[in-house]
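The next block holds one structure in the form of structure tokens; read it before the comments.
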Amino acid sequence: MPTMGRLIGAILFGALAWYTTTLIVPLFPEGTNLGLFQEVNTFFGLVAGWTVAGPRAGTGYVASFSYGLTALVSMVVMALFFNSFVVMIERSLRKRYDGAGEAVTDVFALFMEHGLMILTPEIITTLLVGGVVGGLVTEVFGRRFT
1 MPTMGRLIGA
11 ILFGALAWYT
21 TTLIVPLFPE
31 GTNLGLFQEV
41 NTFFGLVAGW
51 TVAGPRAGTG
61 YVASFSYGLT
71 ALVSMVVMAL
81 FFNSFVVMIE
91 RSLRKRYDGA
101 GEAVTDVFAL
111 FMEHGLMILT
121 PEIITTLLVG
131 GVVGGLVTEV
141 FGRRFT
């Protein structure tokens with residue numbers, strides 16, 4: 001099992017998530033309480049790097065583009081879903097929903113809303129370049145240390 005690839009993938013995608021989150025924070029309205037937003041997103045970057053990119057390290061440089069982008073997409077989807085779920089729970093505790101169905105539906109509406117919010121050229125470029133570079137560097141370490 002390519003442990004070094006997993007470790008490097010986790011570090012790189014965790015760093016990508018941390019940096020990208022610093023670009024996302026200013027997009028929220030002034031005074032928004034984000035809590036552990038950056039830490040949670042970094043955690044999902046670590047998970048994506050460890051479970052998606054890391055195990056595939058050593059399969060080739062062409063494949064590294066694919067698994068780098070796959071790790072990127074999984075990181076973004078996990079973070080968007082989790083953060084949307086947290087917002088739904090907060091709204092639910094304030095009795096904003098008439099029922100459970102409305103709350104569950106709102107998770108997906110929030111997912112889309114947050115996803116559209118981060119569709120800026122700076123964030124998309126950062127994610128795409130970071131995903132490709134993260135995959136390539138993970139591949140280099142995966143080949144070198146297995």
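Numbering of the sequence shown is given in UniProt numbering, commencing with residue 1 and proceeding in unit increments.
Every residue gets a Cβ at the ideal spot worked out from N, C-alpha and C, and that includes glycine.
Being a predicted model, the structure only gives us computed values, none of them experimental.
C-alpha of LEU34 to C-alpha of TYR61: approximately 38 Å in a straight line. Secondary structure of PHE44 (DSSP, three-state): helix. In the structure shown, the three-state DSSP call for PHE28 is coil.
Pairing LEU16 with ALA100, the inter-Cα distance amounts to about 35 Å. Residue nearest to MET78 within the set PHE37, ARG144 and LEU23 is PHE37 (criterion: CA-CA distance).
With a threshold of 16 other beta carbon atoms within 10 Å, ARG6 meets it and is buried.
Look at ASN33 here: in three-state DSSP terms it is coil, with no helix or strand label.
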